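Trainee: Residue numbers (the numbering used here): 27 to 229. If you scroll down you'll find the structure; I have some questions about it.
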């Protein structure tokens, strides 16, 4: 297994603590937020200040939330001003796998990786015939989600695209005893796509 968070070092030769969350594990967990999946991992704690949509932070091995480098397909996603990443609206619709590299990785990735590295890799289109999917689900607090997507390998390029809509009536962030009875509702429309073309094969 080539772990990109370790600069493509093979997992079996890497001394650091590494976890790779595969597509199969993501399906088994049946959660729709990346935050919920990360909170279950060893050495990681997640904090969300309220209902859906409120600020969500990850703390790895006791480091501050601005000391964990978050990458999406190898591109740094941390805020350029605050240095941290807000996981509040990041869902798992188009995520293929998640790599977690624990411990200080400043020598590889700089000062943003004092706590570790989280690399999120999106799905890549495979198969000669495009595959399409549609799903709908609902839950407590008036929560509903609808998602649709497609992916495949067309020969000259491969693609993966997904779109989802999440709505929730939510709950009051402040205790109702203090007079805060209104609910903090949540709406999220997400579109994610990945299109790949290997120009070297044309030669």
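Idealized CB from N, CA, C, for every residue including glycine. Quick caveat, the model's predicted, so the values are computed rather than measured.
Residue 128 and residue 142 look like a contact to me (Cβ under 8 Å); what is the Cβ gap, rounded to whole Å?
Mentor: Their Cβ separation, rounded to whole angstroms, is 5 Å, which keeps residue 128 and residue 142 in contact under 8 Å.
Trainee: Report the start-end ranges of each beta strand (DSSP E) in the segment 88-127 that is 3 residues or longer and not cut off at the edges.
Mentor: 94-98, all fully within the segment 88-127.
Trainee: What ranges does the beta strand (DSSP E) occupy inside the segment 117-200, keeping only unbroken runs of at least 3 residues that lie completely in it?
Mentor: Counting only runs of 3 or more, we get 121-128, 142-148, 157-165, 169-179 and 184-194.
Trainee: Given this structure, state the Cα-to-Cα distance separating residue 144 from residue 106, to the nearest angstrom.
Mentor: Cα to Cα, residue 144 sits roughly 17 Å from residue 106.
Trainee: Sorted by chain position, which residues of the same chain lie with C-beta nearer than 7 Å to residue 104's C-beta, five sequence neighbours on each side aside?
Mentor: Only 95, 96, 110, 111 and 138 meet the Cβ criterion.
Trainee: Thinking C-alpha only, which one of 213, 86, 81 and 53 is nearest residue 68?
Mentor: Cα-wise, what sits closest to residue 68 is 86.
Trainee: Can you name the start and end residues of the alpha helix (DSSP H) that residue 49 belongs to?
Mentor: Note, residue 49: alpha helix (DSSP H), 49-55.
Trainee: Between residue 135 and the rest of its own chain, which residues show a CB-CB distance below 7 Å, the 5 nearest in sequence each way excluded?
Mentor: 95 and 143.
Trainee: Check each candidate in 219, 225 and 210 and name the one with the smallest Cα separation from residue 76.
Mentor: Among 219, 225 and 210, the Cα nearest to that of residue 76 is on 210.
Trainee: Have a look at 194, 178 and 213 and flag the residue whose alpha-carbon is nearest the alpha-carbon of residue 220.
Mentor: Checked all of 194, 178 and 213; the closest Cα to residue 220 is 178.
Trainee: Report the three-state DSSP secondary structure of residue 46 (helix, strand or coil).
Mentor: It is a strand residue.
Trainee: Is DSSP giving residue 85 helix, strand or coil here?
Mentor: DSSP places residue 85 in strand when its eight states are reduced to three.
Trainee: Taking the alpha-carbon of residue 84 as reference, which of 60, 218 and 119 has the nearest alpha-carbon?
Mentor: Comparing Cα positions, the closest option is 60.
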